[in-house]
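Asker: Taken in sequence, the protein lines are chains V and W.
Number 115 marks the last residue of the first sequence (the numbering used here); no jumps.
Number 132 marks the last residue of the second sequence (the numbering used here); no jumps.
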Amino acid sequence: EPEVTQTPSHQVTQMGQEVILRCVPISNHLYFYWYRQILGQKVEFLVSFYNNEISEKSEIFDDQFSVERPDGSNFTLKIRSTKLEDSAMYFCASSEALGNSGYTFGSGTRLTVV
Amino acid sequence: QKEVEQNSGPLSVPEGAIASLNCTYSDRGSQSFFWYRQYSGKSPELIMSIYSNGDKEDGRFTAQLNKASQYVSLLIRDSQPSDSATYLCAVGGGGNKLTFGTGTQLKVEL
Numbered sequence: 002e003p004e005v006t007q008t009p010s011h012q013v014t015q016m017g018q019e020v021i022l023r024c025v026p027i028s029n030h031l032y033f034y035w036y037r038q039i040l041g042q043k044v045e046f047l048v049s050f051y052n053n054e055i056s057e058k059s060e061i062f063d064d065q066f067s068v069e070r071p072d073g074s075n076f077t078l079k080i081r082s083t084k085l086e087d088s089a090m091y092f093c094a095s096s097e098a099l100g101n102s103g104y105t106f107g108s109g110t111r112l113t114v115v
Numbered sequence: 023q024k025e026v027e028q029n030s031g032p033l034s035v036p037e038g039a040i041a042s043l044n045c046t047y048s049d050r051g052s053q054s055f056f057w058y059r060q061y062s063g064k065s066p067e068l069i070m071s072i073y074s075n076g077d078k079e080d081g082r083f084t085a086q087l088n089k090a091s092q093y094v095s096l097l098i099r100d101s102q103p104s105d106s107a108t109y110l111c112a113v114g115g116g117g118n119k120l121t122f123g124t125g126t127q128l129k130v131e132l
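Listed below in structure tokens is the structure:
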């Protein structure tokens, strides 16, 4: 069964450093997403991406965050200057169609900012 | 602010029983409704989607939607210990963003 692949599975970084989280969506999917889940809290929407541009973003997704699809397969989330409160599980997801047909989530990257 | 509310639990049911999980949402314009299962430390896994009022069955799972009451539920028949997980209700509007509830922890006891 096709899956969304995320790397690394766990990343530890020092406060103020830049991190890049990587995702390979399912190959025929057109819509890509990043969500995060702080430990013990709900899954929160960060950003959606379609046709090489952001289609929607949340208040969390401020100027410190950016997304990119640098080639035909990868989808990345960059955090420019990490803060302690950025520590969370970051999930990439993809879907075939618009209209909330249901996502396939990747296995996640646990980001720990120290 | 669009809200999705779930009882955090834990909901404990004996093996073989029916587990009933509930969710309410605030946005009347919501169009799509999902149940995800999340094991501890893992990513959400889609188990059911429902888009119109009524019941939708898939194996041991039945999703129920009542848009007038802004209420979604998930029934799990013949509950198994492997069903022990957190069940996330997620609601979508006209776009492609999902709003998640905090999840209900289900424990199926032997």
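All C-beta atoms in this analysis are idealised placements derived from N, C-alpha and C, irrespective of residue type, glycine included.
How many angstroms separate the CA atom of residue 47(W) from the CA atom of residue 122(W)?
Answerer: Taking the first residue of the second sequence as position 1, residue 47(W) is located at position 25. Taking the first residue of the second sequence as position 1, residue 122(W) is located at position 100. Rounded to whole angstroms, residue 47(W) to residue 122(W) spans 10 Å at the Cα level.
Asker: Give a yes or no on contact between the stretch 86-99 of chain V and the stretch 23-40 of chain V, applying the rule of three or more CB pairs nearer than 8 Å.
Answerer: Here the stretch 86-99 of chain V makes contact with the stretch 23-40 of chain V; the two share three or more CB pairs at distances below 8 Å.
Asker: Nearest to residue 10(W) by CA position, among 106(W), 113(W), 70(W) and 78(W), is which residue?
Answerer: With chain W covering only 23 through 132, there is no way to say anything about residue 10(W).
Asker: Tell me the DSSP secondary structure of residue 101(W) in three-state form.
Answerer: The residue you call residue 101(W) lines up with position 79 of the second sequence. Coil, per DSSP.
Asker: Report yes if the CB atom of residue 110(V) is closer than 7 Å to the CB atom of residue 15(V), and no otherwise.
Answerer: For the purposes of this step, residue 110(V) is identified with residue 109 of the first sequence, where counting begins at 1. For the purposes of this step, residue 15(V) is identified with residue 14 of the first sequence, where counting begins at 1. It is not a contact, given that the beta carbons lie outside the stated cut-off.
Asker: In its own chain, which residues sit with a C-beta less than 7 Å from the C-beta of residue 36(W), not counting the 5 before and 5 after it?
Answerer: Start at 1 with the first residue of the second sequence, and residue 36(W) comes out as number 14. Excluding residues within five positions, the ones whose Cβ falls inside 7 Å are 131.
Asker: May I ask you to check if the CB of residue 112(W) is nearer than 6 Å to at least one heavy atom of the ligand NAD?
Answerer: With respect to the ligand NAD, the structure offers nothing, as it holds no ligand at all.
Asker: Could you say if the stretch 24-33 of chain W and the stretch 53-65 of chain V meet the contact criterion of at least three C-beta pairs nearer than 8 Å?
Answerer: No, they do not touch.
Asker: Could you compute how far the alpha carbon of residue 69(V) sits from the alpha carbon of residue 25(V)?
Answerer: Taking the first sequence and counting its residues from 1, one reaches residue 69(V) at position 68. Taking the first sequence and counting its residues from 1, one reaches residue 25(V) at position 24. If you take the alpha carbons of residue 69(V) and residue 25(V), they lie about 12 Å apart.
Asker: By the 10 Å Cβ neighbour count, where 16 or more other Cβ atoms means buried, how is residue 38(W) classified, buried or exposed?
Answerer: By one-based count along the second sequence, residue 38(W) stands at place 16. That one is exposed.
Asker: Looking only at its own chain, which residues have a Cβ that is under 8 Å from the Cβ of residue 19(V), when we skip the five neighbours before and after it?
Answerer: Counting from 1 along the first sequence, the entry for residue 19(V) is found at position 18. Here the set comprises 79, 80, 81, 82 and 83.
Asker: Please list the partners that residue 119(W) has in chain V, where partner means a Cβ-to-Cβ separation under 7 Å.
Answerer: As a position in the second sequence, residue 119(W) is number 97, starting the count at 1. Per Cβ cutoff of 7 Å: 46, 49 and 57.
Asker: For residue 115(V), is the classification buried or exposed, using 16 other Cβ atoms within 10 angstroms of its Cβ as the cut-off for buried?
Answerer: Within the first sequence, numbered from 1, the residue matching residue 115(V) stands at position 114. Result: exposed.
Asker: Return the chain-ordered list of same chain residues with a C-beta closer than 6 Å to the C-beta of residue 84(W), the five sequence neighbours on each side being excluded.
Answerer: Taking the second sequence and counting its residues from 1, the one referred to as residue 84(W) is at position 62. Taken in chain order, the residues that qualify are 77 and 97.
Asker: Comparing C-alpha positions only, which one of 86(W), 115(W) and 103(W) sits nearest to residue 103(V)?
Answerer: In the first sequence, residue 103(V) corresponds to position 102, counting from 1. When each option's Cα is compared against that of residue 103(V), the closest is 115(W).
Asker: Determine, for residue 83(W), whether the minimum Cβ-Cβ distance to residues of chain V falls below 7 Å.
Answerer: Taking the first residue of the second sequence as position 1, residue 83(W) is located at position 61. False, the Cβ-Cβ gap to chain V never drops below 7 Å.
Asker: Which chain B residues are close to residue 32(V), counting only those with a beta carbon under 8 Å from its beta carbon?
Answerer: The chain inventory of the structure shown lacks chain B, comprising the protein chains V and W.
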